[in-house]
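Under the numbering used here, the final residue of the sequence shown carries the number 475; numbering is consecutive throughout.
Backbone N, C-alpha and C define an ideal beta-carbon position, used for all residues, glycine too.
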Amino acid sequence: MENPITVSPNLSYIKEGLQKQKEYFKTGATLDVEFRLKHLRLLKKEIEKREADIHQALYKDLKKSEPEAYITETGIVMKELDETIKKTRRWAKPRSVPTPMFFSPGSSKIHPEPYGTCLVISPWNYPFQLLFLPLIGAISAGNTVVCKPSECSAHTTQITKEIIEAVFEKQYVWVVEGAVPESTALLRERWDYIFFTGSTHVGRIVYQAAAKHLTPVTLELGGKSPCIVDKDINLENTANRIVWAKFLNVGQTCIAPDYMYVHEDIKDKLIAKIKEKISQHYSDSPQTSEDFGRIINERNFERLCSLIDGEKVCFGGQTDKDDLYISPTLMDNVHPDDAVMQEEIFGPILPIMTYKNIDDVIQYINSKEKPLALYVFSTNKSIVNKVLKNCSSGGATVNDAVLHIGNAHLPFGGVGESGIGAYHSQLTFDTFSHLKSVLHKWAIVDLSIRYAPWGKNFKWLKFLMKNTL
Ligand code: NAD
């Protein structure tokens with residue numbers, strides 16, 4: 007299906023820039039692993055040099071404090087760079103796999119080869135991390151890359167552009183700034199791989215554009231991630247961890263607990279503890295806390311305000327449009343039909359629903375789209391196992407929230423409406439590589455019974471196939 011938005015003729019520079027990247031890829035320069043490593047090292051140096059500027063940009067865009075910016079953005083990118091620099095040579099080598107006797111003598115290997123010219127589109131909520139993590143993997147795998155950062159996080163986009171321009175030639179890595187018209191123009195082109203992070207709505211547009219050219223994609227999308235709290239918990243830690251995960255980046259985190267389903271026996275105690283923890287983390291006046299950020303823009307501020315039902319607010323609910331501030335807000339006695347339960351919240355509002363029987367929670371979750379993340383707090387193993395076994399989600403953390411994204415050994419991605427594909431660490435390298443199967447036969451020795459006429463050899467062929475494959 008065609009994207010209905012027309013591309014303005016003055017965006018023809020996009021086609022030209024892409025053409026240059028395609029020609030550059032064909033020169034074979036990026037096939038050299040040392041060449042990739044040289045650029046990754048330069049990138050590391052440049053990010054180290056500009057760290058203070060990056061943190062300042064994140065503060066201007068989202069009022070992210072320096073510790074939060076480091077923990078969730080620059081620190082993660084530096085760690086990924088270190089690991090990628092250390093392991094790219096190993097990842098890029100052909101990987102030996104067994105060769106069954108039927109195919110002998112010979113060898114079998116998986117050769118990772120770069121796709122070619124890739125498009126990376128990123129969102130505004132973790133604008134540094136979510137552009138650089140896929141970019142690092144794409145470079146390490148030997149591709150050329152065009153990046154389209156979000157127009158909403160303009161300061162981080164500017165510094166991203168400066169860093170990339172200081173390290174890469176445009177024919178290798180190029181930042182295209184802009185909004186829907188630029189994205190639309192980019193999506194009209196033929197790419198070898200598209201890596202998109204953003205909303206499910208735009209994910210569909212990207213997938214349709216990719217389908218036209220059969221372009222492979224990774225879609226890192228969103229959704230409503232449930233947080234189930236059983237009656238058997240460590241109250242102190244549960245409350246601390248939920249407050250941390252929900253109000254980090256003011257709730258503008260794709261895997262933030264979207265809503266809480268809490269066992270009726272523990273609800274009052276838990277709500278009281280969560281209130282106490284909010285005040286501990288962000289003081290009694292979060293608007294003046296150095297560690298509490300802001301909503302990205304007026305459009306999202308208005309959207310979030312419309313989800314707050316004053317009658318159900320049991321904590322917070324203060325808003326200040328001039329400051330794009332919404333306080334940490336709890337809504338109690340929420341019903342599945344309420345407005346706040348109809349869309350991904352993506353802000354500092356935590357709706358609370360109550361349950362008696364875990365089966366009802368499982369049934370509710372399974373009646374909705376598969377979430378990007380799922381959290382279950384319980385010291386009761388059978389409850390935890392029941393939830394994990396019966397509810398599909400992109401990822402999950404037990405007795406904590408958000409943290410599974412930080413373990414580079416775990417693939418990060420969605421399922422169903424929350425996304426296609428996964429990445430981090432070697433999986434990012436593999437995502438941006440075509441894993442080419444190569445069976446290398448010896449030229450001289452041959453198994454003659456494979457050739458027709460099969461006649462009496464058929465029984466030997468059958469025996470070999472059954473017993474050696
Ligand atoms: P978005 O989908 O509005 O925008 C993402 C990117 O797509 C931006 O660069 C934007 O310019 C571009 N875009 C917007 N409209 C487009 C169109 N019509 N055609 C082509 N491109 C278009 O998302 P957002 O508001 O920036 O981010 C919030 C969403 O992203 C949430 O749903 C969140 O859950 C999700 N998200 C997911 C992850 C993840 O890792 N799975 C991470 C962060 C955010």
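Short Cβ contact (7 Å threshold) for residue i with residue j
| i | j | result |
| --- | --- | --- |
| H440 | E119 | yes |
| A147 | F418 | no |
| V268 | V235 | yes |
| T360 | K273 | yes |
| M266 | I358 | yes |
| F202 | L225 | yes |
| H287 | V249 | yes |
| E86 | I170 | no |
| Q27 | Q177 | yes |
| H410 | G401 | yes |
| T385 | D238 | yes |
Coil, strand or helix - residue i by DSSP
| i | result |
| --- | --- |
| E157 | coil |
| E8 | Confidence is the limiting factor: at E8 the pLDDT is only 37, short of 50, which leaves the residue's position unreliable, though a coordinate-based value still follows. If DSSP states are grouped into helix, strand and coil, E8 belongs with coil. |
| V13 | Its pLDDT being 49, under 50, V13 is placed unreliably by the model, and the measurement read from it follows with that caveat. Coil. |
| I261 | coil |
| L478 | Residue 478 is absent from the structure shown; the chain starts at 7 and stops at 475. |
| F438 | coil |
| F383 | strand |
| A407 | coil |
| D338 | coil |
Pick from the options that is closest to residue i, judged by C-alpha positions
| i | options | result |
| --- | --- | --- |
| I53 | D88, S71 and K28 | D88 |
| C311 | P334, T474, S289 and K395 | P334 |
| W448 | F109, D274 and S102 | F109 |
| C153 | F469, K115, Y199 and D274 | Y199 |
| D67 | Q258, G412, P140 and L24 | Q258 |
| D59 | R47, T80 and T203 | T80 |
| T294 | Y19, K69, E29 and I20 | K69 |
| S398 | A379, F383, V408 and I411 | A379 |
| A414 | E57, M84 and D297 | M84 |
| L48 | I301, E317 and A172 | A172 |
| P100 | L227, L46 and I116 | I116 |
| T33 | F174, T150 and T105 | T150 |
| N396 | V382, V408 and L336 | V382 |
Element boundaries [alpha helix (DSSP H), containing residue i]
| i | result |
| --- | --- |
| I480 | Look at the range of the chain in this structure, 7 to 475, and you will see that residue 480 is not part of it. |
| L49 | V39 to K55 |
| P187 | V186 to R194 |
| G23 | S18 to K32 |
| F352 | Per DSSP, F352 belongs to no alpha helix (DSSP H) and is neither H nor E. |
| G81 | G81 to A98 |
| M471 | F464 to T474 |
| V208 | T206 to K218 |
N- and C-terminal bounds of the beta strand (DSSP E) containing residue i
| i | result |
| --- | --- |
| Y199 | Y199 to T203 |
| R101 | R101 to V103 |
| E226 | V223 to E226 |
| I116 | G112 to P120 |
| L125 | T123 to I127 |
| C233 | P232 to V235 |
| C320 | V319 to F321 |
Problem set entry | Touch test, the region 186-199 against the region 328-344, Cβ-Cβ under 8 Å, three pairs minimum | no
Problem set entry | Three CB pairs or more closer than 8 Å across the region 461-468 and the region 114-133 | no
For this session: Determine contact between the region 422-437 and the region 224-235, defined as no fewer than three beta-carbon pairs at a distance below 8 Å.
Result: yes
For this session: Evaluate contact between the region 54-74 and the region 160-170, counting only Cβ atoms and requiring at least three cross-stretch pairs below 8 Å.
Result: yes
Problem set entry | contact_flag[the region 336-353, the region 303-317] where n(CB pairs < 8 Å) is 3 or more | yes
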